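S.K.: For reference, the structure I am asking about is given below.
Numbering (this note's numbering), first residue to last: 1 to 125.
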């Protein structure tokens with residue numbers, strides 16, 4: 001029975017947070033990065049993008065963070081202070097080097113920004 005219960009937890013792995021996150025993880029790669037990842041040859045056309053204008057793991061140039069504010073949430077699955085510190089340090093570096101300001105996700109912030117989207121940091125274990 002215990003063996004069955006353990007297997008039952010993994011009946012639909014496509015429903016896991018990790019798999020769902022991969023589907024939405026998009027940012028634009030440079031030609032050099034695509035060459036390094038064997039996605040393009042060195043002499044390929046840099047404008048070779050899909051019909052929606054994005055590559056896997058690429059941000060589409062657009063309007064999601066149009067107020068230069070990125071709401072975020074650190075999930076309780078990240079239960080060590082060290083993990084939280086690493087994320088907070090990365091947020092500080094990103095905020096320092098870009099025009100984006102990272103703010104903890106709240107319903108008040110959703111109202112201010114006019115959308116409910118936010119970045120969720122969670123443990124992939």
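The C-beta atom is built at its ideal place from N, Cα and C for all residues, glycine as well. Since we're looking at a predicted model, the values are computed, not measured.
#1: Flag this pair as yes or no: are the beta carbons of residue 73 and residue 105 separated by less than 8 Å?
#2: Buried or exposed: which applies to residue 50, given that a residue is buried once 16 or more other Cβ atoms fall within 10 Å of its Cβ?
#3: Taking just the CA atoms, how far does residue 89 sit from residue 190?
#4: CA-CA distance, residue 42 and residue 122?
#5: With 16 other CB atoms within 10 Å as the buried threshold, where does residue 113 fall?
#6: Classify residue 70: buried if its beta carbon has 16 or more other beta carbons within 10 angstroms, exposed otherwise.
#7: Please indicate yes or no: does the CB of residue 112 lie closer than 7 Å to some heavy atom of the ligand ZN?
#8: Strictly by DSSP, which residues pair up with residue 73?
M.R.: Quick answer:
#1: Residue mapping note: residue 73 aligns to position 73 of the chain shown, counting from 1. Residue mapping note: residue 105 aligns to position 105 of the chain shown, counting from 1. Yes.
#2: Position 50 of the chain shown holds residue 50. Only weak support is given to the placement of residue 50: the predicted model assigns it a pLDDT of 49, under 50, and the value that follows is read from those uncertain coordinates. Per the 10 Å Cβ criterion, exposed.
#3: Outside the displayed span of the chain (1 to 125) sits residue 190, for which this structure offers no information.
#4: As a working note, residue 42 is residue 42 in the chain shown. As a working note, residue 122 is residue 122 in the chain shown. Each residue's Cα considered, the two are about 36 Å apart.
#5: Stepping through the chain shown from its first residue, residue 113 is reached at position 113. Result: buried.
#6: By 1-based counting over the chain shown, the position of residue 70 is 70. It counts as buried.
#7: The ligand ZN is not part of the structure shown, which contains no ligands of any sort.
#8: By 1-based counting over the chain shown, the position of residue 73 is 73. The partner list for residue 73 (beta bridge, DSSP) reads 120.
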